[in-house]
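Asks: Taken in order, these protein sequences are the chains called A and B.
Numbered according to the working numbering, the first sequence spans residues 9 to 386.
Numbered according to the working numbering, the second sequence spans residues 149 to 407.
Below are the structure tokens for one structure; questions will follow.
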Amino acid sequence: MATAPLLSATPSGDLLELRPSGSWTAANGTTLEALSTGVMPQLDRSGSVKVDMAGVSELDTLGAWMLEKMTRRATSAGHRAEVVGAAENFAGLIEEVRQVNRHNPVPARGLNPVAARVNEIGRSAVSATDDVTVFLQMLGALFWAILGVLRRPRSLRLTSLVYQLYKVGWQAIPIIALITFLIGAIIAQQGIFHFRKFGADSYVVDMVGILVLRELGVLIVAIMVAGRSGSAYTAELGSMKMREEIDALSTMGLDPVEVLILPRIVALICALPILAFIGSMAALYGGGLVAQFYGGMGPAIYIARLHEAVSVTSFQVGIIKAPFMALAIGIVACSEGLRVKGSAESLGKQTTTSVVKSIFLVIVLDGLFAVFFASVGM
Amino acid sequence: MQGTTEHLAIRVTDLVVGFRRHVVIDRLSLDVRRGEILGLVGASGGGKSVLMRTIIGLIPRQSGEIEVMGSPIDANHDRASRSAAGKWGILFQQGALFSSLTVRQNIQFPLRENLALSQALMDEIATAKLEMVGLNPTDGDKFPSELSGGMTKRVALARALALDPAIVFLDEPTSGLDPIAAGDFDALIKTLQKTLGLTVFMVTHDLASLNTVCDRVAALADGKIVAIGPMHELLQSEHPWVRAYFHGKRSQMLQPRAS
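Structural data, given as structure tokens:
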């Protein structure tokens, strides 16, 4: 039934007679396009066009459009065009195609590249101030909720708090211990390798101890938590927002911040210092193992040197930062979750934004704390 | 027997589909004639969508034969359903438009993947399809997230029709539309069916569209087709589920029109 499409053009005087035949369907689209461009020069030369459709066995929108294009080209040049011999069942389609593509849409004019770039910078500046507002709003709402809980301690969602603690604290321990263990081991190995050149390999213990306790332990753990729990918060709250669960809560007279966000952020604030402590210990342990097996330093010496090198202050400097980082991660994660709009793409986009922003904030906070501790002499 | 299959678009014989031990479709047979609009009704969760998805090869079947436009659909449906891509178009319930592409690119997608056409021609075809489903050519530059429910369905229909298939499957085409938009959509399906000579397989709960556009209605209950025929025949059916469906309280409201 499907036969190859053909198009014969026979000029007779001023008249060009086109005889399409075979299957003028989308399956033969490539051939059809070649055929129709082939007759265009002839079409432009001749005065009037007559299309004899008698030989067409199959016709669909694409084929009908190719034929319509040819006759339209003739008529737009002021010539006469007629279609004859079309089978009855094609008539509706030909009539339909005659109506389409009449008004070619004017393509939207783009800005010039420089203006577009400036436009973009302006927009991102505005959205940055927007981000600050959203962060402060969430911080305010959180404090308001905390005040509410202090006034009516029974309104604290204890079950939810314990469940979140289990999820962001307990379940995170294995992966966090593993990663920080490896980081501690890597630092120790690099330290031993390079310090050995000038006979200072016993100072590796000082480096590992101070670096891990003051900076790396808490920083690595905070970044891990932002990626693991922050993204989960955004996704959970975002999908609740999408399914109008948060609106449902509000209509029942409950404050979503108190019910959903407060337990999550409080859980994060409790869990992060504990995780940072576990992480630091795992890193010191990793460093110790490398010192023993790669550096040849026994555990007793390692511990004794560690005792000399680090003070409680180093530990305090590290662990004080943890709750603040947790607060930043929690606020960013929850406010990004509430910014999710109706679609699934927006959920994915906000989750990515949440992780990027909270890691950025964690590092900025770390820098600010470094300045602060330096100025108070810790 | 072979002679009679000539006018059939879809022929399903003794189809069995189930998940584990739960049988959803139980030795079902169904013929869809070429050029007709067949409406499929059934209880929610009763296997309407499963039947449709099995015919188009998205769900594997346990036994039975499926023939589409005279050629059998392979049970392990990898290659078969691919080569059948031009044979049918599917309008999914939520539209299933690709969210990262504009409306025009969505309609061009099947053309781009299956044929080697110039971009100019694909643009013209996409605009033609847009106009055929009653949309403005300027809507072509929008993204799916910017469309209303009715427009999404129309664009999805335009994409389903991109390769001019012989059969279109519509999964609840009017669900979620207001009565005016649903009525317009029904009229559109009827018009396109006439001009393009389509066979339409439509899963629907919309009594009004069953009444106005469907040539025949098939009722699916207990995994079988329990009644099939024009709407007025189904209204006479003695099957208890069919009676409950068409003579329930909700459908009584439509009775003055139906009778």
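Idealized CB from N, CA, C, for every residue including glycine.
Over the uninterrupted alpha helix (DSSP H) stretch that includes Thr-69/A, give me the two end residues.
Replies: Within the first sequence, numbered from 1, the residue matching residue 69/A stands at position 61. Here the alpha helix (DSSP H) through Thr-69/A covers 69-84.
Asks: Suppose contacts are defined by Cβ-Cβ distances below 8 Å. Is Ile-185/B in contact with Val-348/B by that definition?
Replies: As a position in the second sequence, residue 185/B is number 37, starting the count at 1. As a position in the second sequence, residue 348/B is number 200, starting the count at 1. Yes, the pair counts as a contact, with Cβ atoms nearer than the cut-off.
Asks: Against chain A, with Cβ distances strictly below 8 Å, would Arg-391/B count as a contact?
Replies: Taking the first residue of the second sequence as position 1, residue 391/B is located at position 243. Not an interface residue.
Asks: Is Pro-1/A near Gly-296/A, with beta carbons less than 8 Å apart?
Replies: What the structure shows of chain A is the stretch from 9 to 386, and residue 1/A is not part of that stretch, so it cannot be assessed.
Asks: With distances taken between CB atoms, is the gap from Ala-308/B to Leu-259/B smaller than 8 Å?
Replies: In the second sequence, residue 308/B corresponds to position 160, counting from 1. In the second sequence, residue 259/B corresponds to position 111, counting from 1. Going by C-beta atoms, Ala-308/B is not nearer than 8 Å to Leu-259/B.
Asks: Using a Cβ-Cβ cut-off of 8 Å, state whether Ala-95/A counts as contacting chain B.
Replies: Taking the first residue of the first sequence as position 1, residue 95/A is located at position 87. Ala-95/A does not count as touching chain B.
Asks: At what residues does the beta strand (DSSP E) containing Asp-179/B begin and finish?
Replies: Against the second sequence, residue 179/B aligns to sequence position 31. Its beta strand (DSSP E) spans residues 170-181.
Asks: Residues of chain B with CB closer than 9 Å to the CB of Asp-52/A, please, in chain order.
Replies: Numbered from its first residue, the first sequence carries residue 52/A at position 44. Chain B residues near Asp-52/A: none, gap ~17 Å exceeds 9 Å.
Asks: Measuring alpha carbon to alpha carbon, tell me which of Arg-302/B, Leu-346/B, Gly-396/B and Glu-261/B ends up nearest Met-280/B.
Replies: Translated into the one-based positions of the second sequence, residue 280/B becomes position 132. Checking every option, the nearest Cα to that of Met-280/B belongs to Arg-302/B.
Asks: Quick one: Cα of Asn-109/A to Cα of Met-232/A, how far?
Replies: Looking up residue 109/A in the first sequence gives position 101. Looking up residue 232/A in the first sequence gives position 224. Each residue's Cα considered, the two are about 55 Å apart.
Asks: Work out the CA separation of Ala-42/A and Met-149/B for me, nearest whole Å.
Replies: Your numbering for residue 149/B matches position 1 in the second sequence. Your numbering for residue 42/A matches position 34 in the first sequence. Its pLDDT being 41, under 50, Met-149/B is placed unreliably in this model, and the coordinates cannot settle the point.
Asks: Going along the chain, which residues of the stretch 311-344 of chain B sit with their C-beta nearer than 7 Å to a C-beta in chain A?
Replies: Going along the stretch 311-344 of chain B in chain order, one finds Leu-311, Asp-312, Lys-342, Thr-343 and Leu-344 with a Cβ nearer than 7 Å to chain A.
Asks: For Gly-187/B, collect the residues of the same chain with a Cβ closer than 6 Å to its Cβ; drop the 5 residues on either side in sequence, then sort them by chain order.
Replies: Reading the second sequence from its first residue, position 39 is the one you call residue 187/B. Cβ within range, chain order: Met-350, Thr-352, Leu-358, Cys-362 and Val-365.
Asks: Met-333/A and Leu-280/A: beta carbons closer than 8 Å?
Replies: Translated into the one-based positions of the first sequence, residue 333/A becomes position 325. Translated into the one-based positions of the first sequence, residue 280/A becomes position 272. A contact, by the Cβ cut-off of 8 Å.
Asks: Indicate whether Ser-197/B and Asp-319/B have their beta-carbon atoms separated by less than 8 Å.
Replies: Here residue 197/B corresponds to residue number 49 of the second sequence, with the count starting at 1. Here residue 319/B corresponds to residue number 171 of the second sequence, with the count starting at 1. Yes, Cβ-Cβ distance for Ser-197/B and Asp-319/B is below 8 Å.
Asks: Between which residues of its own chain and Met-386/A is the CB-CB distance below 8 Å, once the five residues before and five after are set aside?
Replies: Translated into positions along the first sequence, residue 386/A becomes position 378. Excluding positions up to five away in sequence, the list reads Thr-321, Gln-324 and Val-325.
Asks: State the DSSP-derived secondary structure class of Gly-30/A, mapped to helix, strand or coil.
Replies: For this step, residue 30/A is matched to residue 22 along the first sequence. Gly-30/A: strand per DSSP, three-state reduction.
Asks: Would you report the Cα separation of Ala-191/B and Gly-371/B, rounded to the nearest angstrom?
Replies: The sequence position of residue 191/B within the second sequence is 43, counting from 1. The sequence position of residue 371/B within the second sequence is 223, counting from 1. So the two alpha carbons sit approximately 10 Å from each other.
Asks: Could you list which residues in chain B have their beta carbon closer than 8 Å to that of Asp-68/A, in chain order?
Replies: On the first sequence, residue 68/A is found 60 positions in, with the first residue counted as 1. Within chain B, the residues near Asp-68/A are Asp-312 and Leu-344.
Asks: Which word fits Ala-256/A, buried or exposed, when buried means at least 16 other C-beta atoms lie within 10 angstroms of its C-beta?
Replies: Residue 256/A sits at position 248 when you count from the first residue of the first sequence. Counting Cβ neighbours within 10 Å, Ala-256/A comes out exposed, since fewer than 16 surround it.
Asks: What first and last residue would you give for the alpha helix (DSSP H) that runs through Gly-212/B?
Replies: Within the second sequence, numbered from 1, the residue matching residue 212/B stands at position 64. Counting along the chain, Gly-212/B falls outside any alpha helix (DSSP H), though it belongs to the beta strand (DSSP E) covering 211-216.
Asks: Would you say Thr-275/B reaches chain A, if we count a Cβ-Cβ gap shorter than 8 Å as a contact?
Replies: Stepping through the second sequence from its first residue, residue 275/B is reached at position 127. Closer than 8 Å to some Cβ of chain A, the Cβ of Thr-275/B qualifies, so yes.
Asks: DSSP puts Leu-373/A in a beta bridge; with which residues?
Replies: Taking the first sequence and counting its residues from 1, the one referred to as residue 373/A is at position 365. Leu-373/A is not bridged to any residue.
Asks: Which residues in chain A have a C-beta closer than 7 Å to the C-beta of Ala-356/B? List them in chain order.
Replies: As a position in the second sequence, residue 356/B is number 208, starting the count at 1. Per Cβ cutoff of 7 Å: no residues; Ala-356/B is ~25 Å from chain A at best.
Asks: Ends of the alpha helix (DSSP H) at Asp-334/B?
Replies: Taking the second sequence and counting its residues from 1, the one referred to as residue 334/B is at position 186. Note, Asp-334/B: alpha helix (DSSP H), 327-344.
Asks: Please confirm if Ala-264/B has its CB atom under 8 Å from at least one CB of chain A.
Replies: Numbered from 1 along the second sequence, position 116 holds the residue referred to as residue 264/B. Output row for Ala-264/B: interface = yes.
Asks: Out of Arg-181/B, Ile-273/B and Ala-244/B, which has the shortest C-alpha to C-alpha gap to Ala-34/A?
Replies: In the first sequence, the residue the question calls residue 34/A occupies position 26. Here the closest residue by C-alpha is Ile-273/B.
Asks: Can you list the residues of chain A that Met-280/B reaches, using a CB-CB cut of under 7 Å?
Replies: One-based indexing of the second sequence puts residue 280/B at position 132. Neighbours of Met-280/B on chain A, chain order: Glu-104 and Val-108.
Asks: Helix, strand or coil, according to DSSP, for Leu-239/B in the structure here?
Replies: Residue 239/B sits at position 91 when you count from the first residue of the second sequence. Leu-239/B falls in the strand class under three-state DSSP.
Asks: Would you give the residue range spanned by the alpha helix (DSSP H) that Gly-331/A belongs to?
Replies: Sequence index remark: in the first sequence, residue 331/A carries index 323 (1-based). It should be noted that the sequence gives Pro, not Gly, for residue 331/A. Taken as a continuous stretch (DSSP letters only), the alpha helix (DSSP H) holding Pro-331/A covers 320-346.
Asks: I'd like the ranges of any alpha helix (DSSP H) spanning at least 4 consecutive residues and lying wholly in the stretch 146-220 of chain A.
Replies: Entirely contained in the stretch 146-220 of chain A, the alpha helix (DSSP H) runs reaching 4 residues are, in chain order, 166-176, 181-203 and 212-218.
Asks: In terms of residues, what are the limits of the alpha helix (DSSP H) holding Lys-196/B?
Replies: Within the second sequence, the letter at position 48 stands for residue 196/B. Counting along the chain, the alpha helix (DSSP H) containing Lys-196/B begins and ends at 196-203.
Asks: Provide the residue(s) that pair with Lys-290/B in DSSP beta bridges, ordered along the chain.
Replies: On the second sequence, residue 290/B is found 142 positions in, with the first residue counted as 1. According to DSSP, which records beta bridges pairwise, Lys-290/B is partnered with nothing at all.
Asks: So does the stretch 200-213 of chain A actually touch the stretch 171-187 of chain A, counting three or more Cβ pairs closer than 8 Å?
Replies: Counting Cβ pairs under 8 Å, fewer than three are found: no touch.
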